[in-house]
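Worksheet for the structure shown next.
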Amino acid sequence: MSEGRARAEACANIALAKYWGKSERGDNLTAVPSLSLTLNALRTRTEVTVESTLTDDVVSMNGQVVTGASKERVTELLGRIRSLTGDARYASVQSLNNFPTAAGLASSASGFAALAVAADSAYGAQLTRAQLSSQARKSSASAARSLFSGFALLEAEADEGEALHAEDFWDVAMVVAVISSSKKSIGSTGGMVHTRDTSPYYPAWVARSKEVYARLKEGVNARDFTEVAEAMEHSTRMMHATMMTAEPPVLYLRGATVDLMHEVAARRRAGEPVAYTMDAGPNVKVFTLGSHVDSVRAFLSDAPGVESVIVCRPGPGASTLLLEGSLADAQRSDKRPVHFPFQTAERP
Ligand code: PMV
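Per our numbering, the very first residue in the sequence shown carries number 34; after that it's consecutive.
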């Protein structure tokens with residue numbers, strides 16, 4: 034058998050309607066539906082090389098060899114692709130992020146979407162986009178959405194994500210205020226199980242999330258900023274309130290996060306198209322219209338406690354990269370324009 038080698042790139046996505054909670058059916062299926070925006074400036078690139086001489090998978094992330102549970106999550110996905118193809122050979126995996134890893138910036142979403150595409154191609158599995166989304170979902174549910182450009186969905190208990198609208202559907206942006214780029218204290222999987230087991234608000238969150246998701250989806254379909262803003266903020270507050278009322282609490286928000294929630298709310302009351310959302314970390318992502326990116330970037334850059342600001346526009350779905358040059362310099366195989374050089378995001 035020939036050595037298989039492939040590269041892929043995927044963008045992170047941020048949920049507007051959040052997912053937090055696993056279905057009782059297992060297999061990493063989600064208990065609630067979610068709707069996300071794929072972000073062009075937060076990217077993972079992954080190269081998978083299948084090698085006959087290897088006696089185990091070798092995984093490196095951002096130049097560091099990975100072991101333990103983080104490695105296992107990668108080898109589990111490779112193992113599923115191996116059983117689909119009947120090719121038992123191990124692989125070496127190299128992955129690069131152009132943004133902080135495991136800091137609530139959805140690095141697992143871009144990471145597992147890129148890994149699914151690269152592994153599929155290296156092992157010659159020839160999975161469809163829906164099957165790739167399913168493979169990514171089994172490793173990290175949010176990764177199911179990064180297979181798709183622009184706005185994407187993952188219905189509750191669905192095996193795979195779905196495209197809702199491509200990246201050119203609506204001229205919007207997600208401006209990320211990085212409050213801390215250090216690794217999150219509690220991972221999302223452990224946090225979700227603990228929240229389900231101990232928060233009295235968890236059943237209410239699961240019940241109400243469907244309504245908020247439906248409102249958000251209608252708002253996106255109609256390109257109605259106010260509807261999206263209100264539903265998006267409600268989703269994030271319900272999710273964080275549920276986490277915070279776990280015992281002991283899963284508390285990701287910091288003082289600077291809450292100050293920005295007030296600031297964004299005041300600005301929207303004054304007529305600015307801005308809305309906030311936060312994930313498994315203190316960073317605030319501000320959703321806005323493309324026409325308002327400069328003013329949003331300016332106020333976030335001056336806000337107390339903000340380390341840096343990353344402007345993200347709607348991004349493309351995961352795809353393979355050409356095998357020319359280094360991993361950091363490779364171009365997309367589908368010849369779609371690369372919005373930014375890999376190492377840089379749009380900054381002031
Ligand atoms: O897919 P995971 O395990 O990385 O969990 C993602 C959870 C949130 O980012 C908080 C919400 C979401 O829907 O992306």
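Where is the CB? At the ideal position from N, CA and C, for every residue including glycine. Note that this is a predicted model, so its numbers are computed, not measured.
Chain-order list of residues whose beta-carbon lies under 6 Å from that of residue i (same chain, five-residue window excluded)
{"i": "Lys171", "result": "Asn61"}
{"i": "Thr310", "result": "Met265, Thr269 and Lys318"}
{"i": "Glu80", "result": "Arg40, Gln127 and Leu360"}
{"i": "Ser242", "result": "Val65"}
heavy atom of the ligand PMV below 7 Å from residue i C-beta
{"i": "Ala139", "result": "yes"}
{"i": "Thr77", "result": "no"}
{"i": "Thr222", "result": "yes"}
{"i": "Asp60", "result": "no"}
{"i": "Lys217", "result": "no"}
{"i": "Tyr52", "result": "yes"}
{"i": "Ser179", "result": "no"}
{"i": "Ala313", "result": "yes"}
{"i": "Gln67", "result": "Note that residue 67 is Ser in the sequence shown here, rather than Gln. Flag set: Cβ of Ser67 near the ligand PMV."}
{"i": "Ala48", "result": "yes"}
{"i": "Ala142", "result": "yes"}
Beta-carbon proximity check, residue i vs residue j, cutoff 8 Å
{"i": "Ala313", "j": "Lys217", "result": "yes"}
{"i": "Ala262", "j": "Leu293", "result": "no"}
{"i": "Lys55", "j": "Ala64", "result": "yes"}
{"i": "Val344", "j": "Val208", "result": "yes"}
{"i": "Asn402", "j": "Ile212", "result": "It is not possible to answer for residue 402, since the shown part of the chain is limited to 34 through 381."}
{"i": "Gly194", "j": "Ser166", "result": "yes"}
{"i": "Met94", "j": "Ser128", "result": "yes"}
{"i": "Glu244", "j": "Gly252", "result": "no"}
Same chain, Cβ closer than 7 Å to residue i, five either side skipped, listed in chain order
{"i": "Leu111", "result": "Asp90, Ala124 and Ala152"}
{"i": "Glu329", "result": "One detail in the question is off: residue 329 reads as Val in this sequence, not Glu. Excluding sequence neighbours, Val329 sits near Val208, Val307, Val319 and Thr321."}
{"i": "Val297", "result": "Val307, Ala308, Tyr309 and Val319"}
Of the listed residues the options, nearest to residue i (C-alpha basis)
{"i": "Ala174", "options": "His273, Val205 and Ser67", "result": "Ser67"}
{"i": "Ser352", "options": "Ser341, Gln364, Arg346 and Ser232", "result": "Gln364"}
{"i": "Ser140", "options": "Gly288, Tyr246, Val83 and Leu72", "result": "Leu72"}
{"i": "Phe184", "options": "Leu355, Ser359, Gly358 and Arg346", "result": "Arg346"}
{"i": "Ser324", "options": "Ala206, Glu340, Lys250 and Leu354", "result": "Ala206"}
{"i": "Gly350", "options": "Ala308, Ala177 and Val126", "result": "Ala177"}
{"i": "Gly338", "options": "Ser214, Ser182 and Asn254", "result": "Ser214"}
{"i": "Ala210", "options": "Met272, Asp204 and Leu286", "result": "Leu286"}
{"i": "Asp192", "options": "Asp201, Ala169, Arg115 and Ala331", "result": "Ala169"}
{"i": "Lys51", "options": "Gly348, Val291 and Lys250", "result": "Lys250"}
{"i": "His267", "options": "Val283, Tyr246, Leu284 and Glu280", "result": "Tyr246"}
{"i": "Gly144", "options": "Cys44, Gly119 and Phe258", "result": "Cys44"}
{"i": "Thr82", "options": "Arg38, Glu105, Glu190 and Ile114", "result": "Arg38"}
Contacts around residue i, its chain only, beta-carbon distance under 8 Å, and the 5 residues preceding and following it disregarded
{"i": "Pro374", "result": "Confidence is the limiting factor: at Pro374 the pLDDT is only 45, short of 50, which leaves the residue's position unreliable, though a coordinate-based value still follows. For Pro374, where only same-chain residues beyond five positions count, there are no Cβ hits under 8 Å."}
{"i": "Ser84", "result": "It should be pointed out that residue 84 corresponds to Glu in this sequence rather than to Ser. The answer, listed in chain order, is Glu36, Arg122, Tyr123, Ala124 and Ser125."}
{"i": "Val239", "result": "Gly54, Ala64 and Val65"}
{"i": "Asp201", "result": "Gly183 and Pro347"}
Could you check whether the stretch 88-103 touches the stretch 151-163, counting it as contact only if at least three pairs of C-beta atoms, one from each stretch, sit closer than 8 Å?
With the cut-off at 8 Å, the stretch 88-103 and the stretch 151-163 do not touch.
State whether the stretch 269-287 contacts the stretch 226-234, with contact taken as three or more CB pairs (one from each stretch) at a distance under 8 Å.
As far as the Cβ criterion goes, the stretch 269-287 touches the stretch 226-234, which means the pair count is three or higher.
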